[in-house]
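Written out below as structure tokens is the structure these notes cover.
The following block contains the structure:
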């Protein structure tokens, strides 16, 4: 890996670990292995959002040409958000693509992702299904995002209605993850979800 | 690792325990950080500064500009930026070595001579007069106007004393040249 990239990552790790945000446990970064090419990030769900109280793991891959090109970041923790794929965790965020600037750091990227969680952009979606729900049925979107945060990211709110619907599908032999994905994309309409799965 | 280096160089003889040591490290860090390149985060080498005021190593900024030749923007504030519009910073101690000899050299600083305001009213008039002449006469015009543009600079230097006799001489000379020019054109027309 290029020397400048390694030097940068070393300095950035130091910066992140000394930052106020780490002190408040709002972001965290650590190395994966010895190579400085891959890191593990973690962000806390921002307050007053459906993600509040949850923690999301991120996979950060540092390209050879860092910091002249952006790091590749992906959600490892499943999340229901219009700008993150509910299947792969891929993120749609301009600063991770053409709007990247070399002075940005892991700290600013993680803070930007936190800001993205707080203000979704359904008009520039990564996940079209989530985006449509976010625009057309904001209340269901809120509950679904909250439910996913509880199921995958340690969020506090338990939605017994949604849990029950998932259990119904599980009784039919569907895995929990598939049941949750189908019900979420069908706005928790049990019949439509069943149809979608078994058609 | 950089973290280890930091703790190695931390002051050993502080008596206040870990807290003061940490604080001292941070304080020193901030002082140094003011002169860090915004790209490599190291102390800027071959430092250049953008018009928007952001500091970079020239090699780092050059590579950034090379990475996206079509959309050149400041890595910090995204203001428009170009290699012709950065200013090199020359500190007292030069860098010991430049391991990036293959890179194009850092752009030169731009230096303009202070303007001389001594003889403005005079050559303002002359210039206007000679210009209209230059446009009128086709082959000679080129010569006349070039000649005229060179002239005031010399005059500007000499006119500090503002010798009236000198000015008189020059006016006479320009009249003379004008007549020579008219004669020349006449000769051209006849021949």
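Chains as they are written, first to last, in full-length UniProt numbering: chain D, 1 to 199; chain Y, 1 to 191. Yeah, the Cβ is synthetic: ideal placement off N, Cα and C, and Gly gets one too. Keep in mind that this is a model prediction, so the values were computed, not measured.
Which same chain residues, not among the five before or five after residue i, have their C-beta less than 8 Å away from its C-beta?
i              : result
residue 55(D)  : 42, 43, 44, 45, 77, 153 and 154
residue 36(D)  : 1, 5, 6, 9, 10 and 62
residue 106(Y) : 46, 48, 58 and 88
residue 100(D) : 69 and 70
Please list, in chain order, all residues of the same chain as residue i whose beta carbon is under 7 Å from its beta carbon, the five residues on each side excluded.
i              : result
residue 117(D) : 45, 46, 49, 51 and 81
residue 105(D) : 12 and 15
residue 176(D) : 166 and 170
residue 139(Y) : Residue placement at residue 139(Y) is flagged as unreliable, the pLDDT there being 49, under the threshold of 50; a coordinate-derived value is accordingly withheld.
residue 44(Y)  : 35, 36, 37, 55, 56 and 57
residue 101(Y) : Interpretation of residue 101(Y) is limited by its pLDDT of 48, a score under 50 that renders its predicted location unreliable; the figure taken from the coordinates is listed afterwards. Here the set comprises nothing.
residue 217(D) : For chain D, the structure presents residues 1 to 199; residue 217(D) sits outside this window and is missing.
residue 130(D) : 80, 81, 82 and 86
residue 185(D) : 129
residue 19(D)  : 107
Secondary structure at residue i, three-state DSSP: helix, strand or coil?
i              : result
residue 161(Y) : With a pLDDT of only 44 at residue 161(Y), under 50, the local geometry of the prediction cannot be trusted, and no value is derived from it.
residue 71(D)  : coil
residue 55(D)  : strand
residue 186(Y) : helix
residue 144(D) : helix
residue 75(Y)  : coil
residue 193(Y) : Residue 193(Y) lies beyond the residue range present for chain Y, which begins at 1 and ends at 191; the question has no answer from this structure.
residue 61(D)  : strand
residue 137(D) : coil
residue 39(Y)  : coil
residue 98(D)  : coil
residue 6(D)   : helix
residue 39(D)  : strand
residue 190(D) : helix
residue 12(D)  : helix
residue 47(Y)  : strand
residue 130(D) : helix
residue 121(D) : coil
residue 166(D) : helix
residue 84(D)  : strand
residue 30(D)  : strand
residue 197(D) : helix
residue 169(Y) : helix
residue 191(Y) : coil
residue 80(Y)  : strand
residue 34(Y)  : coil
residue 44(D)  : strand
residue 90(D)  : strand
residue 156(Y) : Low confidence applies to residue 156(Y): its pLDDT is 42, below 50, so where it sits in the model is not reliable enough to give any reading.
Taking 6 Å as the limit between beta carbons, can you name the residues of its chain near residue i, skipping five residues before and five after?
i              : result
residue 180(D) : 166
residue 40(D)  : 30 and 32
residue 78(Y)  : none
residue 114(D) : 43 and 46
residue 110(D) : 27, 41 and 43
Under 8 Å between beta-carbons, which chain Y residues line up against residue i? List them in chain order, please.
i             : result
residue 2(D)  : Under the 8 Å cutoff, chain Y gives no residues; its nearest Cβ is about 10 Å from residue 2(D).
residue 69(D) : 67
Under the assumption that residue i contacts residue j (Cβ atoms under 8 Å), give the Cβ distance between them as a whole number of angstroms.
i              : j              : result
residue 73(D)  : residue 95(D)  : About 10 Å separates the two Cβ atoms, so there is no contact after all.
residue 126(D) : residue 83(D)  : 5 Å
residue 38(D)  : residue 60(D)  : 7 Å
residue 103(D) : residue 75(Y)  : 4 Å
residue 197(D) : residue 182(D) : 5 Å
residue 146(D) : residue 187(D) : Between residue 187(D) and residue 146(D) the Cβ distance is about 15 Å, and since that is not below 8 Å, they are no contact.
residue 65(Y)  : residue 72(Y)  : 5 Å
residue 119(D) : residue 93(D)  : Contact flag wrong, Cβ pair sits at about 11 Å.
residue 53(D)  : residue 156(D) : 4 Å
So which residues on chain D does residue i lean against when the C-beta distance must stay under 8 Å?
i             : result
residue 38(Y) : 102 and 103
residue 64(Y) : 68 and 102
residue 48(Y) : The contacting residues do not exist; residue 48(Y) stays about 14 Å from chain D at best.
residue 76(Y) : 101 and 103
Using alpha carbons as the reference points, say which of the options lies closest to residue i.
i              : options                           : result
residue 91(Y)  : 176(Y), 73(Y), 48(Y) and 66(Y)    : 48(Y)
residue 66(D)  : 130(D), 196(D), 97(D) and 85(D)   : 97(D)
residue 285(D) : 172(D), 143(D), 174(D) and 178(D) : Here chain D covers residues 1 to 199 and nothing more, so residue 285(D) does not appear.
residue 53(Y)  : 66(Y), 62(Y) and 34(Y)            : 34(Y)
residue 164(D) : 135(D), 189(D), 124(D) and 149(D) : 189(D)
residue 108(Y) : 114(Y), 84(Y) and 115(Y)          : 84(Y)
residue 50(Y)  : 182(Y), 82(Y) and 191(Y)          : 82(Y)
residue 22(D)  : 193(D), 148(D) and 108(D)         : 108(D)
In chain Y, which residues lie with their C-beta within 7 Å of the C-beta of residue i?
i            : result
residue 8(D) : 40 and 41
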